[in-house]
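In what follows, a structure is listed as structure tokens, so that the remarks can point back to it.
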Amino acid sequence: MSAASTIAAPASPLPAIAPTRRLEPTVVEPQTQPEPRQRGTEQCMEALARANQVRLARAALKRDISGGRRSVTEVIGESPWEAESMSLSELLCSQRRWGRARSRKLLASAALGEGKKVGTLTERQRRILVGALEAKLGR
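The sequence shown begins at 0 in numbering that gives the first Met the number 0 and counts up one residue at a time.
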């Protein structure tokens, strides 16, 4: 087929326009009884139980750090499961006499963000942070 034959093809006639009919609005009645939603599914309950377990373990970890039974450098080095999803700022602020400003300054010197999670630290970042903490704490 040549290009000229495709251009010169006769146009198809327009279809006849059907008469439009008026649509009447219909009223939809709401159901008398809505379907009950299933609350407390097994998966939801398991997620809530896991979240509660993590919260309790984090609280215990923070108490141990605050009480001097564990050090922050030890937690950063070991990265226990309860600390993996904690932010660095949250972990540092759990020490006695450590405020947000002090932890922010230390993290800035180590080129780390406050929201960085303990579990996402690389080995190099762990060494840098532990070294900065030990220098700051005088160990």
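Every residue gets a Cβ at the ideal spot worked out from N, C-alpha and C, and that includes glycine.
These numbers come from a predicted model, not from an experiment.
Exercise. For Ser-86, which residues does DSSP report across the bridge?
Worked result: Lys-116.
Problem set entry | Own chain residues within Cβ distance below 7 Å of Leu-90, not counting five before or after | Val-71, Val-74, Ala-82, Val-117
Problem set entry | Exposure label - Trp-80; buried when at least 16 CB within 10 Å | exposed
Exercise. Going by the CB atoms, is the gap between Ala-109 and Ala-134 shorter than 7 Å?
Worked result: no
For this session: Express the C-alpha separation of Gly-112 and Asn-51 in angstroms, rounding to a whole number.
Result: 26 Å
Exercise. Excluding the five sequence neighbours on either side, which residues of its own chain have a C-beta within less than 8 Å of the C-beta of Gly-98, listed in chain order?
Worked result: Closer than 8 Å at Cβ, skipping near neighbours: Cys-92.
Exercise. What is the residue span of the alpha helix (DSSP H) that Thr-72 lies within?
Worked result: 71-77
Problem set entry | Val-26 to Gly-114 span [Cα, whole Å] | 53 Å
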